Amino acid sequence: MTLVHEFPSTCLVARADDGVRGYLLGFVTPTGTGYVHLIATRDDARGTGLGRRLWGAFTDAARRQSAQRLKAITSVQNTGSIAFHRSLGFTARIVEDYDGPGRPMVVFDRLLPAEGAVW
Ligand SMILES: CC(C)(COP(=O)(O)OP(=O)(O)OC[C@H]1O[C@@H](n2cnc3c(N)ncnc32)[C@H](O)[C@@H]1OP(=O)(O)O)[C@@H](O)C(=O)NCCC(=O)NCCS
Numbered sequence: 001m002t003l004v005h006e007f008p009s010t011c012l013v014a015r016a017d018d019g020v021r022g023y024l025l026g027f028v029t030p031t032g033t034g035y036v037h038l039i040a041t042r043d044d045a046r047g048t049g050l051g052r053r054l055w056g057a058f059t060d061a062a063r064r065q066s067a068q069r070l071k072a073i074t075s076v077q078n079t080g081s082i083a084f085h086r087s088l089g090f091t092a093r094i095v096e097d098y099d100g101p102g103r104p105m106v107v108f109d110r111l112l113p114a115e116g117a118v119w
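Residue numbering for the sequence shown follows full-length UniProt numbering, starting at 1 and increasing by one per position.
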């Protein structure tokens, strides 16, 4: 996938003896936004803090690239993702027509946490 090849330090994979348990695909924009395009953890790894750790590792990488804020999006139906990102301190707002006319998305924002801050 292009993102993985072009943004290797912000596309992260959590591996264990039993295979891939989760991944996060993101990049830092030229204007200083650490944007996560996709995050997922394996069904049997959910609720263990892995998603939070992936966001933490991404934040460290984004900070090294001088990011100042973090952003992600999800569909308005994805209540699990909305709850997850709120738990991590993101604000969540519905943006009408984000994905085209009549296609709203939920946009998550937060300032980049200070170095060493607990996620
Ligand atoms: C969203 C997702 C990445 C969360 O990963 P996870 O490893 O289960 O998350 P964590 O265990 O790190 O949870 C972190 C916090 O979010 C909360 N949380 C996670 N999923 C939740 C859910 N479905 N409902 C309510 N709270 C949730 C946890 O309770 C935890 O809160 P706490 O630390 O305050 O107790 C995972 O459920 C997933 O892969 N979903 C499918 C793909 C998806 O929708 N990705 C996001 C859109 S791109």
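No residue lacks a Cβ here, since even glycine has one placed at the ideal position from N, Cα and C.
Please read all numbers here as calculations on a predicted model, not as lab measurements.
For A72, no alpha helix (DSSP H) run applies; the uninterrupted beta strand (DSSP E) run containing it begins and ends at R69 to T74, by DSSP.
In the three-state reduction of the DSSP assignment, L112 falls in the coil class. For L54, the uninterrupted alpha helix (DSSP H) segment begins and ends at L50 to R64. Relative to the non-hydrogen atoms of ligand 1, the Cβ of A62 never comes closer than 6 Å to any of them. Going by DSSP, F27 is part of no alpha helix (DSSP H) but of the beta strand (DSSP E) stretching over G19 to V28.
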